[in-house]
Amino acid sequence: MRKLGIILGSIKEKSSSKSLAKAMLPLFPESVEVSFIRIEDLPLFNPDIDKEGRRLDSYERFRQTIREQDALLFITPEYNRTIPAALKNAIEIGSRPYQQVAFSGKPAMIISQSNGSLAGFGANHHLRQSLVFLNVPVMPQPEIYLAHIHTVVDAQGNFIDSTAAQFLTDSVQDFIDFAKRFES
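Start counting the sequence shown at 388; every next residue gets the next number (the numbering used here).
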């Protein structure tokens, strides 16, 4: 894996997903170019305007950015037992046009997190279900659910919990090994 795109489910400026992503950046080898893929500026997906010759530039830029990645890391909170609307919108945009799914074949790791004790379980599984349908090989183990995220990382993106930091360090290595299976 040479290029890893991180997609945050939350578009909040001071999101816990963003803090966690910042804390995880040093866990990746220097040989991996890590970038954040922005979803907050994407217009709502509308199939009526997403037709040949009429596609929005913002849709096409997003799809191209996804295609340029070797692998994807999704870090998301849970809203109402599922993924946030902005993330669902990005998945819709990346899944079109049919037969040209930008996400297809990109190995992915999902991390869900929450302030509460359920750790984004519902969001993790809904996202996993959508990605599998889009031909995204999602790392099966370990599944990563982080409860009480404010005890794992601080707002500046520093680990607080050394056990969680070690678990994520090991998980990143597992993901690198998993992603290697899909390199051409």
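The beta carbon of each residue, even a glycine, is placed where N, CA and C say it ideally should be.
Values in this document were obtained by computation on a predicted structure and should not be read as measured data.
Item, Value
"Taking 7 Å as the cut-off, decide whether the C-beta atoms of K390 and Q451 are in contact.", "no"
"Roughly how many angstroms lie between the CA atoms of H513 and E417, to the nearest whole one?", "32 Å"
"Would you give the residue range spanned by the alpha helix (DSSP H) that G509 belongs to?", "508-520"
"If we ignore side chains and look at the alpha-carbon of each, how far apart do I480 and S445 end up?", "10 Å"
"Output yes or no for whether 7 Å exceeds the beta carbon distance between S406 and A542.", "yes"
"Please go through the same chain and pick out, in chain order, the residues whose beta-carbon is closer than 6 Å to the beta-carbon of R454, but skip the five residues on each side of it.", "A489"
"Could you pull the start and end residues of the beta strand (DSSP E) that G392 belongs to?", "390-395"
"What residue range does the alpha helix (DSSP H) around F569 cover?", "Careful: F569 lies outside any alpha helix (DSSP H) and carries neither H nor E."
"If you draw a straight line from the C-alpha of G392 to the C-alpha of V421, how long is it?", "6 Å"
"Among L395, Q553, N433, S482, which residue has its Cα nearest to the Cα of V519?", "S482"
"Are the CB atoms of R506 and L533 nearer to each other than 7 Å?", "With the sequence shown as reference, residue 506 is identified as Ala, and Arg is not the correct amino acid for it. Yes, the pair counts as a contact, with Cβ atoms nearer than the cut-off."
"Kindly indicate which residue of F546, A566, L395, Q553 has the alpha-carbon position closest to the one of P527.", "A566"
"With a 10 Å radius around its C-beta and 16 neighbouring C-beta atoms as the bar for buried, classify Q516 as buried or exposed.", "exposed"
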